[in-house]
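Residue numbers (the numbering used here): 156 to 411. Structure first, then comments.
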Ligand SMILES: C[S@@+](CC[C@H](N)C(=O)[O-])C[C@H]1O[C@@H](n2cnc3c(N)ncnc32)[C@H](O)[C@@H]1O
């Protein structure tokens with residue numbers, strides 16, 4: 156089931172877009188870039204990427220038909236979108252830049268994944284990736300906690316989400332071992348000011364909780380959300396506005 160919802164995701168458009176621009180700032184401009192954007196979503200930012208870097212060809216791929224359903228508005232000369240899972244990427248054709256904003260946290264086994272992505276790059280090629288690393292915040296640990304309780308544990312067959320995102324220093328070591336001669340890896344905290352703590356629920360509904368939504372029957376997901384909201388109310392400070400610190404890893408590497 157495709158549980159992505161562009162409208163829910165875009166509720167926090169400004170907050171979700173900021174790290175994209177920060178990551179874009181890591182990329183070295185070069186003429187006639189051929190770009191692959193992994194997990195491009197609606198494609199709105201793929202088009203920004205293409206225009207900002209004055210690329211010659213940009214391909215956005217995503218496995219959500221709902222997100223890609225919005226992409227027709229962002230097709231332009233040299234920009235194409237394809238319904239495809241990152242896991243099924245082949246090792247050819249090679250590109251100059253692999254870019255991915257807020258998507259690789261949904262793909263397992265990063266050591267193998269980054270090895271595959273490296274083989275997709277030409278010499279002198281660049282990789283630029285941004286991923287949330289907020290899995291130790293209560294907003295995320297609560298979801299796992301609830302998933303492991305009855306009746307959700309049975310409905311989910313014991314599944315609860317474990318983030319595949321590594322530590323910043325592990326990415327630095329990985330990039331080095333894959334031959335990226337130049338690199339930049341940073342952990343950044345984005346301070347997000349929500350109207351109140353219910354904003355946290357709305358935030359995770361657009362991302363983390365989609366993973367539970369697609370695995371649960373609608374009534375069971377409604378129940379899950381209800382327990383989640385109540386627990387957020389009992390465990391997060393009732394502050395207005397509510398300050399939600401959100402950690403993200405931004406990484407960039409360039410081959411010789
Ligand atoms: C948080 S959104 C980010 C979208 C876009 N990059 C942006 O910055 O607006 C994550 C996207 O990754 C896509 N995605 C998640 N897992 C994927 C996979 N295994 N293969 C392809 N796309 C995936 C989702 O469908 C969703 O559109």
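We treat Cβ as the ideally placed atom computed from N, Cα and C, and that holds for glycine.
Give me the Cβ distance between residue i and residue j, rounded to the nearest whole Å; I'm assuming they're in contact under 8 Å.
i	j	result
residue 233	residue 337	Going by Cβ atoms, the distance from residue 233 to residue 337 rounds to 26 Å, so no, they are not a contact pair.
residue 161	residue 221	6 Å
residue 197	residue 226	6 Å
residue 302	residue 314	7 Å
residue 371	residue 379	6 Å
residue 268	residue 190	Rounded, the Cβ-Cβ distance is 18 Å, inconsistent with contact.
Quick check on the burial criterion: 16 or more other C-beta atoms within 10 angstroms. Buried or exposed for residue i?
i	result
residue 156	exposed
residue 405	buried
residue 176	exposed
residue 464	Coverage of the chain is limited to positions 156 through 411, which leaves residue 464 absent and any answer about it impossible.
residue 240	exposed
residue 265	buried
residue 393	exposed
residue 278	exposed
residue 174	buried
residue 205	buried
residue 169	exposed
residue 332	exposed
residue 348	exposed
residue 228	exposed
residue 237	exposed
residue 192	buried
Would you mind reading off the limits of the alpha helix (DSSP H) that contains residue i?
i	result
residue 374	373 to 390
residue 177	168 to 179
residue 307	307 to 310
residue 346	Here residue 346 belongs to no alpha helix (DSSP H); instead the beta strand (DSSP E) covers 337 to 349.
residue 241	Counting along the chain, residue 241 falls outside any alpha helix (DSSP H), and DSSP gives it neither H nor E.
residue 293	293 to 302
residue 408	Careful: residue 408 lies outside any alpha helix (DSSP H), inside the beta strand (DSSP E) at 397 to 409.
residue 332	323 to 332
residue 223	220 to 223
residue 206	199 to 207
residue 164	161 to 164
Can you give me the Cβ contacts of residue i inside the same chain, cut-off strictly under 8 Å, excluding the 5 residues immediately before and after it?
i	result
residue 172	200
Please return the same chain residues whose Cβ sits closer than 7 Å to the Cβ of residue i, not counting the five positions on each side in sequence.
i	result
residue 295	289, 363
residue 158	365, 368, 369
Helix, strand or coil for residue i, going by three-state DSSP, please let me know.
i	result
residue 156	coil
residue 262	coil
residue 270	helix
residue 286	strand
residue 364	coil
residue 354	helix
residue 226	helix
residue 235	strand
By Cβ distance below 6 Å, which residues in the same chain neighbour residue i in space, the five residues on each side in sequence not counted?
i	result
residue 287	260, 403
residue 388	none
residue 163	360, 361
residue 323	340, 342, 404
Locate the beta strand (DSSP E) running through residue i, then write down its first and last residues.
i	result
residue 214	212 to 217
residue 192	189 to 193
residue 182	No beta strand (DSSP E) holds residue 182; DSSP gives it neither H nor E.
residue 250	250 to 256
Relative to ligand 3, is the shortest distance from any of its heavy atoms to the C-beta of residue i smaller than 7 Å?
i	result
residue 261	No copy of ligand 3 appears in this structure; the ligands present are ligand 1.
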